Amino acid sequence: MKGNAQSRGVNYVSFRQKLSNYRKHKVSFAVMSAVYICMAITLLSVIVLIVYILAKGIPNLKPSLFSPVYTEENVSMLPAIFNTLIMTAMSLGLAVPIGIFTAIYLVEYASKGNKLVKIIRITAETLSGIPSIVYGLFGYLFFNLALRFDYSLLGGALTLSIMILPVMIRTTEEALLAVPDSYREGAFGLGAGRLRTVFKIVLPSAVNGIFAGVVLSMGRIIGETAALIYTSGTATNIPKNVMGSGRTLSVHLYVLMNEGLHIKEAYATAVVILGFVLLLNFFSSRIAKKLKS
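Per numbering that gives the first Met the number 0, the very first residue in the sequence shown carries number 0; after that it's consecutive.
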């Protein structure tokens, strides 16, 4: 307790010293003020959003919304919850290995100045800027019509895996680049090959950054609507297999709001989506810590 109090006192003194130093330079003080103002606005926006969703949604949560069967009178979200879990697992299962191995090639194996590396990076950056509805139209034309998947969870998962692939590549690449070269040199000096160095030294050191990409990808999967309406459809049941149609929580929320008949249930669905994302983030961070240790 005494050590914590002393550390807080030291931090407070250092902050006051920094503040006094910034005040001597008007430009630095203006930039510092802008940074703290933007931080406060961001934090306040998140708090207001979460409080608003909880205030509107929690009073409307009721056991009937978690019934196994969806009806017009009782718009149960339980099928959508299962579909969301299936969609998330399938999309990550397709995109995460490809994204990680692509990043390993870009950082660990590709030579400097390689034209293929430039093409991959430009392609990834271009894909990350494409609107989700364009992905949905592509998935509908290619997976649903050309490959004859029709409206299915598989078509939606394939479309989402393409959407999140740039995120996985870029975050994994940055995580690998953040690993000091001394780690690699030490492993090579002890006689380890490149493959063993990558999987035994580099990847464990970059696991936090890689999991950050996984968490971002999960958030986008759970919150995606436009791409899934065109690919996986809006069926209210749990499909028997991956070739069946089913709606996720975000699509369920969109349909309820669009119909305008179950606004209260839509707010309750928003609370479940928020809790879903928070739980996934929590468990992902715990898993990342265990893997790193």
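Using N, Cα and C, we set each Cβ at its ideal position, and we do this for glycine too.
Here the structure is a predicted model, which is why all the values come from computation and not from measurement.
In whole angstroms, what is the alpha-carbon distance linking residue i and residue j?
{"i": "Asn236", "j": "Ile161", "result": "25 Å"}
{"i": "Leu115", "j": "Arg169", "result": "16 Å"}
{"i": "Gly138", "j": "Leu176", "result": "33 Å"}
{"i": "Ser75", "j": "Ala205", "result": "41 Å"}
{"i": "Ile99", "j": "Pro58", "result": "42 Å"}
{"i": "Ile200", "j": "Leu278", "result": "29 Å"}
{"i": "Ser283", "j": "Lys289", "result": "10 Å"}
{"i": "Val12", "j": "Gly135", "result": "Residue confidence is low: Val12 scores 49 on pLDDT, short of 50, so the model does not pin down where it sits. Its coordinate-derived value is still stated next. Cα to Cα, the separation comes out at about 54 Å."}
{"i": "Phe65", "j": "Gly245", "result": "16 Å"}
{"i": "Leu260", "j": "Leu60", "result": "16 Å"}
{"i": "Ala226", "j": "Met89", "result": "15 Å"}
{"i": "Val45", "j": "Glu71", "result": "33 Å"}
{"i": "Ala102", "j": "Pro96", "result": "10 Å"}
{"i": "Leu164", "j": "Cys37", "result": "30 Å"}
{"i": "Leu42", "j": "Thr87", "result": "28 Å"}
{"i": "Pro62", "j": "Val254", "result": "20 Å"}
{"i": "Ile121", "j": "Gly128", "result": "11 Å"}
{"i": "Ala267", "j": "Asn73", "result": "13 Å"}
{"i": "Ile119", "j": "Ile262", "result": "44 Å"}
{"i": "Ala234", "j": "Leu152", "result": "11 Å"}
{"i": "Ala94", "j": "Leu126", "result": "14 Å"}
{"i": "Phe141", "j": "Tyr150", "result": "12 Å"}
{"i": "Tyr35", "j": "Pro78", "result": "43 Å"}
{"i": "Leu91", "j": "Ser27", "result": "43 Å"}
{"i": "Pro130", "j": "Glu223", "result": "11 Å"}
{"i": "Val50", "j": "Gly243", "result": "36 Å"}
{"i": "Tyr104", "j": "Ala39", "result": "40 Å"}
Assuming residue i contacts residue j under a Cβ cut-off of 8 Å, what Cβ separation, rounded to an integer in Å, is found between them?
{"i": "Ala191", "j": "Gly56", "result": "With a Cβ gap of about 53 Å, Ala191 and Gly56 do not count as contacting."}
{"i": "Glu107", "j": "Arg193", "result": "7 Å"}
{"i": "Gly208", "j": "Glu173", "result": "6 Å"}
{"i": "Ile228", "j": "Val250", "result": "6 Å"}
{"i": "Ser155", "j": "Ser231", "result": "According to the sequence displayed, residue 155 carries Gly and not Ser. The pair is a contact, with the Cβ atoms about 3 Å apart (cut-off 8 Å)."}
{"i": "Thr296", "j": "Asn82", "result": "An answer regarding residue 296 cannot be provided, because it is not within the stretch 0 to 292 covered by the chain."}
Buried or exposed for residue i, going by 16 or more other Cβ atoms inside 10 Å?
{"i": "Arg147", "result": "exposed"}
{"i": "Ala29", "result": "exposed"}
{"i": "Ile85", "result": "buried"}
{"i": "His202", "result": "Reading off the sequence, residue 202 comes out as Leu, not His. Buried, since its Cβ has 16 or more Cβ neighbours within 10 Å."}
{"i": "Val166", "result": "buried"}
{"i": "Glu184", "result": "exposed"}
{"i": "Gly112", "result": "exposed"}
{"i": "Val271", "result": "buried"}
{"i": "Leu189", "result": "exposed"}
{"i": "Asn240", "result": "exposed"}
{"i": "Ser110", "result": "exposed"}
{"i": "Pro67", "result": "exposed"}
{"i": "Pro238", "result": "buried"}
{"i": "Ile220", "result": "buried"}
{"i": "Val178", "result": "buried"}
{"i": "Glu124", "result": "exposed"}
{"i": "Gly274", "result": "exposed"}
{"i": "Ile132", "result": "exposed"}
{"i": "Phe210", "result": "buried"}
{"i": "Leu48", "result": "exposed"}
{"i": "Ile286", "result": "exposed"}
Does the distance between the C-beta of residue i and the nearest non-hydrogen atom of the ligand GTP fall short of 8 Å?
{"i": "Asn280", "result": "For the structure depicted, the ligand GTP is absent and the ligand set is empty, with no information on it obtainable."}
Looking at the C-beta of residue i, does it have a partner C-beta in chain E at a distance below 9 Å?
{"i": "Ser216", "result": "Here chain E cannot be found, since the structure has a single protein chain."}
Item to check | Three CB pairs or more closer than 8 Å across the region 215 to 222 and the region 54 to 68 | outcome: Contact between the region 215 to 222 and the region 54 to 68 is absent, because fewer than three Cβ pairs lie under 8 Å.
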